[in-house]
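Structure first, then comments.
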Ligand SMILES: Cc1cc2nc3c(=O)[nH]c(=O)nc-3n(C[C@H](O)[C@H](O)[C@H](O)COP(=O)(O)O)c2cc1C
């Protein structure tokens, strides 16, 4: 089956990457998840790292939440919604990502950066890229950038700036293309030397 004729839905979970009380990233993650769920040919689910049962006294496989690992194993791609904390990513997101490894390999990932400041989380995204690469994920060259997030949503979490719908569409198109290509590659293209 070619990537062009493959009609199976892609599974693309959205990961909410902070546990902070009052997190604005939750509004972003719910919006991103809802927009992604509207796309034909895509199945999604919202993964809140606050809900994961991870050990804090172990790492890797020893700390994992089995359901999260199964979700990542089933996924064709991931969307990470990541707030910028001192230009970096939340430590608990890194801990959650570190609990899996082979489940990520040759899968697509896109990042939505969230910041109170004007740069839409670009600095956290840049800092996260080497981590994602080391996990075996393949990053797309388009991001979601939610700057001045406190103005982009009202107190109930409703979007106040409709331009984000169009911006996300561009991001999703790139992510879906990469997810399809990589699924085709995982299933049909052998790695030289095995
Ligand atoms: C510890 C910490 C550090 C932060 N550092 C930055 C920063 O470097 N740049 C920025 O634009 N906003 C920064 N913020 C603001 C967050 O980007 C802001 O809270 C935004 O709403 C996303 O995070 P949230 O989902 O936790 O709300 C910081 C917030 C916290 C809690």
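In my numbering, the protein residues as written are 3 to 196. Glycine included, each C-beta is placed from N, C-alpha and C at the ideal position.
Counting along the chain, the unbroken beta strand (DSSP E) around residue 109 starts and ends at 109-116.
In summary, residue 95 is buried, with 16 or more beta-carbon neighbours lying within 10 Å of its beta-carbon over all protein chains present. In this structure residue 123 touches residue 84 by the C-beta definition: roughly 6 angstroms separates them, less than 8 angstroms. The set of residues with a C-beta under 6 angstroms from any non-hydrogen atom of ligand 1 comprises 20, 22, 25, 26, 27, 85, 86, 87, 88, 89, 116, 117, 118, 119, 151, given in chain order. The region 124-174 is shown to contain whole alpha helix (DSSP H) runs of 4 or more residues at 124-137, 151-154, in chain order.
Between the region 154-172 and the region 15-31, the count of C-beta pairs closer than 8 angstroms reaches three or more; the two stretches touch. Residue 126 and residue 91 have their C-alpha atoms spaced approximately 6 angstroms apart. For residue 47, the closest of 194, 81, 181 by C-alpha to C-alpha distance is 81. For a cut-off of 8 angstroms, the C-beta gap from residue 100 to residue 61 is around 6 angstroms, short enough to register as a contact. Rounded to whole angstroms, the gap between the alpha carbons of residue 57 and residue 66 is 7 angstroms. For residue 72, the closest alpha carbon among the candidates 52, 128, 104, 86 is that of 104. With fewer than 16 other beta carbons inside 10 angstroms of its own, residue 132 counts as exposed. Residue 12 has its alpha-carbon roughly 14 angstroms from the corresponding atom of residue 188.
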